[in-house]
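Read left to right, the sequence shown gives residues 59 to 355 (this note's numbering).
Input: a single structure, listed below in structure tokens.
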Amino acid sequence: MNPTPGPTASGARLLDGRAASQELLDALRREVEVGVAAGRPRPGLATVLVGEDPASQVYVRNKRRACEKVGIRTFHLDLPADVGQEGLLRHVRDLDEHPEVHGILVQLPLPKDGGYDENEVLAAISPEKDADGFHPVNQGRLMLGQPGPRPCTPRGVMHLLDRTGEELTGRHAVVVGRSNIVGKPVALMLLERHMTVTVCHSRTRDLAAEVGRADVLVAAVGVPELVKGAWIRPGAVVVDVGINRRPEGGLVGDVEFDAAAERASWITPVPGGVGPMTIAMLLRNTVEAAWGPLAMP
Ligand code: NAD
């Protein structure tokens, strides 16, 4: 399933996350329609928002809207910033016991001054209802190559890589960033696909040289245009996870897009690359939490 090559100013083909995400959402909507008509329970996602951070409010609203379009039932809890660790845990455990809730998402980060322990909150969700794939048991399953919900952004990265039709086995992947939500899980998923994987981070000595060895580059740093176009190996596939706000407005990735597009074979734009895939994978994880793995690509 190769996407139609989109235009970039130069050689690279655009790896279009908006189109990929829309296709996935359409396919999920059909699956849900058919499954529910056949008597399966309607998948349900619970979202929990603590406090009033405007960016988090937008993220949660977008996730709920996407669910509604696909036919996933949503449950939402808006909790005050001072609900406290114990109060939040009680709410999460109640949702966890709710038979119509198949997936639970606690929007992160939790308010800084509330004394919250995010790890304890994530661990209070049962691994089977962990729509984000952040539960330690599910991170462990990924580590061991066992089935289980995978973190949404890394899963979206893999989906985009598969759309290129490029062979991954035996080739060299370089991941820049080692966070628990993107860098580390994506590195494990690339390894699972038999790539040779290098993980770079803030202490890496010669980032340019490491990046230059990548057949597949995944940048997940959060530093605008840290990765220079001139570092990219000609023909590499470049997946830019970074979402950074420019002081003058607008978004920019972790990779210098125009210069990288002159050398890469495929490249994701920012915005419109990995971002839209994350929500689509959250919805897929929710449907799979309700019904088990789906056969679709
Ligand atoms: P993080 O801050 O948790 O981790 C950043 C990583 O980058 C760290 O491991 C750090 O070692 C590394 N790093 C920092 N400076 C570096 C440098 N100069 N050279 C090499 N490595 C360096 O960030 P995160 O949560 O993994 O997010 C990374 C980026 O991805 C952010 O821009 C974030 O907004 C974006 N993001 C996007 C999505 C999406 O849906 N597209 C999802 C999650 C995160």
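Positions of the beta carbon are idealized from the N, C-alpha and C atoms, including for glycine.
Note that this is a predicted model, so its numbers are computed, not measured.
Give every residue of the same chain whose Cβ lies closer than 6 Å to the Cβ of residue 106, excluding the five residues on either side of it in the sequence, and list them in chain order.
-> The residue labelled residue 106 in the question sits at position 48 within the sequence shown. Result list for residue 106: 135 and 164, in chain order.
With respect to the alpha helix (DSSP H) encompassing residue 337, which residues constitute its N-terminal and C-terminal limits?
-> As a first step, residue 337 is located in the sequence shown; it is residue number 279 there, counting from the start. Per DSSP, residue 337 belongs to the alpha helix (DSSP H) from 332-349.
For residue 251, the three-state DSSP class (helix, strand or coil) | In the sequence shown, the residue the question calls residue 251 occupies position 193. Residue state, collapsed to three classes: coil.
Identify every residue that forms a DSSP beta bridge with residue 133.
-> Counted from its first residue, the sequence shown places residue 133 at position 75. DSSP, once it has assigned bridges, lists 104 as partnering residue 133.
Is residue 120 helix, strand or coil by DSSP?
-> In the sequence shown, residue 120 corresponds to position 62, counting from 1. Residue state, collapsed to three classes: helix.
Near ligand 1, which residues have their beta-carbon less than 6 Å from any of its heavy atoms, given in chain order?
-> 211, 234, 235, 236, 237, 239, 240, 241, 258, 259, 260, 262, 265, 278, 279, 280, 281, 284, 299, 300, 301, 302, 332, 333 and 336
Run through DSSP, which three-state label would residue 275 get?
-> Position 217 of the sequence shown, counted from the start, is the residue given in the question as residue 275. In this structure, residue 275 counts as strand in the three-state DSSP scheme.
Answer yes if the region 170-187 comes into contact with the region 147-158, meaning at least three C-beta pairs across the two stretches below 8 Å, and no otherwise.
-> yes
Just checking my contact of residue 158 with residue 131 at CB under 8 Å: how many whole Å lie between their CB atoms?
-> For this step, residue 158 is matched to residue 100 along the sequence shown. For this step, residue 131 is matched to residue 73 along the sequence shown. Between residue 131 and residue 158 the Cβ distance is about 7 Å, and since that is below 8 Å, they are a contact.
Work out the CA separation of residue 232 and residue 290 for me, nearest whole Å.
-> Working through the sequence shown from its first residue, we reach residue 290 at position 232. Working through the sequence shown from its first residue, we reach residue 232 at position 174. When rounded, the distance between both Cα atoms is 11 Å.
Would you kindly report the start and end of the unbroken alpha helix (DSSP H) that includes residue 154?
-> The count along the sequence shown starts at 1 and reaches residue 154 at position 96. Element bounds for residue 154: 142-155.
Could you tell me whether the region 196-207 touches the region 140-152, where touching means 3 or more Cβ pairs closer than 8 Å?
-> no
Segment contact flag, the region 260-277 with the region 302-310, C-beta cutoff 8 Å, min 3 pairs = no
Contact between the region 315-323 and the region 81-96 (3+ Cβ pairs under 8 Å) = no
Contact the region 169-180 vs the region 205-221: 3+ CB pairs below 8 Å = no
Is the region 250-257 touching the region 281-295 in the sense that three or more CB pairs, one from each, lie closer than 8 Å?
-> no
Nonlocal neighbours in the same chain, by C-beta distance under 7 Å from residue 259, ignoring five residues either side = By one-based count along the sequence shown, residue 259 stands at place 201. Closer than 7 Å at the Cβ level, and outside the excluded window around residue 259, lie 235 and 236.
Through-space distance from residue 272 to residue 73, alpha-carbon basis | Working through the sequence shown from its first residue, we reach residue 73 at position 15. Working through the sequence shown from its first residue, we reach residue 272 at position 214. Taking the straight line from one Cα to the other gives about 17 Å.
Apart from the five residues on each side of it in sequence, which residues of its chain come closer than 7 Å, Cβ to Cβ, to residue 70?
-> What you label residue 70 is simply residue 12 of the sequence shown in a count that begins at 1. So the list reads 319, 322, 323, 324 and 325, once near-sequence residues are dropped.
Excluding the five sequence neighbours on either side, which residues of its own chain have a C-beta within less than 7 Å of the C-beta of residue 224, listed in chain order?
-> Start at 1 with the first residue of the sequence shown, and residue 224 comes out as number 166. Here the set comprises 295.
Cα-Cα separation between residue 274 and residue 68, rounded to whole angstroms | The residue you call residue 274 lines up with position 216 of the sequence shown. The residue you call residue 68 lines up with position 10 of the sequence shown. Taking the straight line from one Cα to the other gives about 19 Å.
Quick one: does residue 282 have its CB under 9 Å from some CB of chain D?
-> Absent here is chain D; the protein component of the structure consists of one chain.
Between the beta-carbon of residue 240 and the beta-carbon of residue 278, is there less than 9 Å?
-> In the sequence shown, the residue the question calls residue 240 occupies position 182. In the sequence shown, the residue the question calls residue 278 occupies position 220. Yes, the Cβ-Cβ distance between residue 240 and residue 278 is below 9 Å.
What beta strand (DSSP E) runs, 3 residues minimum, are completely inside the region 155-222?
-> 161-164
Alpha carbon to alpha carbon, how far is residue 337 from residue 108?
-> The count along the sequence shown starts at 1 and reaches residue 337 at position 279. The count along the sequence shown starts at 1 and reaches residue 108 at position 50. Looking at the two C-alpha atoms, the distance is approximately 19 Å.
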